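The C-terminal residue of the sequence shown carries number 80 in my numbering, and the numbering is unbroken.
For reference, the structure is listed below as C-alpha coordinates.
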Amino acid sequence: MTDDKLATLLGTCIIPAIVKELKIPNSEQVEFLNKFYRSSLYDILIRKETALWHLSPTTLANIYEHEQKTGILELPEEL
(Lines of atoms letter the chains of each structure in order from A; the text may use other names.)
(Lines give C-alpha, C1' and ligand atoms only; values in the text may rest on other atoms or scores of the structure.)
Protein backbone atom coordinates (compact mmCIF):
# COMPACT_ATOMS: atom_id res chain seq x y z
CA MET A 2 0.00 0.00 0.00
CA THR A 3 1.34 3.42 -0.87
CA ASP A 4 1.44 6.29 1.58
CA ASP A 5 -1.26 8.08 -0.46
CA LYS A 6 -3.56 5.07 -0.35
CA LEU A 7 -3.05 4.72 3.39
CA ALA A 8 -3.78 8.42 3.93
CA THR A 9 -6.96 8.08 1.88
CA LEU A 10 -8.02 4.96 3.78
CA LEU A 11 -7.41 6.67 7.11
CA GLY A 12 -9.17 9.90 6.15
CA THR A 13 -12.21 8.43 4.45
CA CYS A 14 -12.84 5.19 6.32
CA ILE A 15 -10.89 4.49 9.48
CA ILE A 16 -10.84 7.82 11.32
CA PRO A 17 -14.52 8.59 10.56
CA ALA A 18 -15.36 5.10 11.88
CA ILE A 19 -13.39 5.80 15.08
CA VAL A 20 -15.28 9.10 15.50
CA LYS A 21 -18.55 7.21 15.06
CA GLU A 22 -17.49 4.44 17.46
CA LEU A 23 -16.61 7.00 20.14
CA LYS A 24 -19.91 8.83 19.49
CA ILE A 25 -18.20 12.21 19.12
CA PRO A 26 -20.88 14.89 18.59
CA ASN A 27 -20.57 16.98 15.42
CA SER A 28 -19.89 20.07 17.50
CA GLU A 29 -16.82 18.41 19.07
CA GLN A 30 -15.35 16.65 16.06
CA VAL A 31 -12.80 19.32 15.06
CA GLU A 32 -11.45 19.43 18.62
CA PHE A 33 -11.37 15.62 18.77
CA LEU A 34 -9.53 15.34 15.44
CA ASN A 35 -6.93 17.89 16.53
CA LYS A 36 -6.32 15.82 19.66
CA PHE A 37 -6.40 12.51 17.78
CA TYR A 38 -3.82 13.68 15.23
CA ARG A 39 -1.44 14.50 18.10
CA SER A 40 -1.88 11.10 19.77
CA SER A 41 0.69 8.34 19.93
CA LEU A 42 -1.86 6.03 18.34
CA TYR A 43 -2.05 8.22 15.25
CA ASP A 44 1.74 8.42 15.04
CA ILE A 45 1.84 4.64 14.77
CA LEU A 46 -1.36 4.29 12.73
CA ILE A 47 0.07 6.33 9.83
CA ARG A 48 3.07 4.00 9.49
CA LYS A 49 2.03 1.39 6.96
CA GLU A 50 4.57 -1.12 8.28
CA THR A 51 2.74 -1.34 11.62
CA ALA A 52 -0.45 -2.44 9.84
CA LEU A 53 -2.59 -1.01 12.65
CA TRP A 54 -5.07 0.04 9.98
CA HIS A 55 -6.08 -3.65 9.85
CA LEU A 56 -7.59 -3.41 13.34
CA SER A 57 -11.29 -2.72 13.73
CA PRO A 58 -12.51 0.80 14.49
CA THR A 59 -13.76 -0.54 17.83
CA THR A 60 -10.31 -1.80 18.77
CA LEU A 61 -8.67 1.43 17.62
CA ALA A 62 -11.20 3.50 19.57
CA ASN A 63 -10.52 1.43 22.70
CA ILE A 64 -6.75 1.87 22.27
CA TYR A 65 -7.24 5.63 21.86
CA GLU A 66 -9.49 5.93 24.91
CA HIS A 67 -7.00 3.98 27.02
CA GLU A 68 -4.16 6.22 25.85
CA GLN A 69 -6.16 9.34 26.72
CA LYS A 70 -7.10 8.07 30.19
CA THR A 71 -3.71 6.66 31.19
CA GLY A 72 -1.17 8.35 28.94
CA ILE A 73 0.00 4.86 27.92
CA LEU A 74 -0.33 3.43 24.44
CA GLU A 75 -1.03 -0.30 24.73
CA LEU A 76 -1.32 -2.26 21.51
CA PRO A 77 -2.84 -5.74 21.19
CA GLU A 78 -0.32 -8.53 21.64
CA GLU A 79 -1.19 -10.17 18.33
CA LEU A 80 0.51 -7.39 16.36
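We put the CB at the ideal spot given by N, CA and C, even for glycine.
Just so you know, these numbers come straight off a predicted model, no measurement behind them.
- The Cβ atoms of Glu68 and Leu74 sit closer than 8 angstroms to each other.
- Closest in alpha carbon position to Val31, among Pro17, Glu22, Leu42, is Pro17.
- Bounds of any alpha helix (DSSP H) do not take in His55, whose DSSP letter is neither H nor E.
- Taking 8 angstroms as the upper bound for CB-CB distance, Trp54 and Leu23 are not in contact here, some 17 angstroms apart.
- Nearest to Met2 by alpha-carbon distance, out of Glu29, Thr51, Gly72, Lys21, is Thr51.
- Runs of alpha helix (DSSP H) with 4 or more residues, each lying fully within the stretch 9-77, are found at 16-22, 30-37, 41-46, 58-71, listed in chain order.
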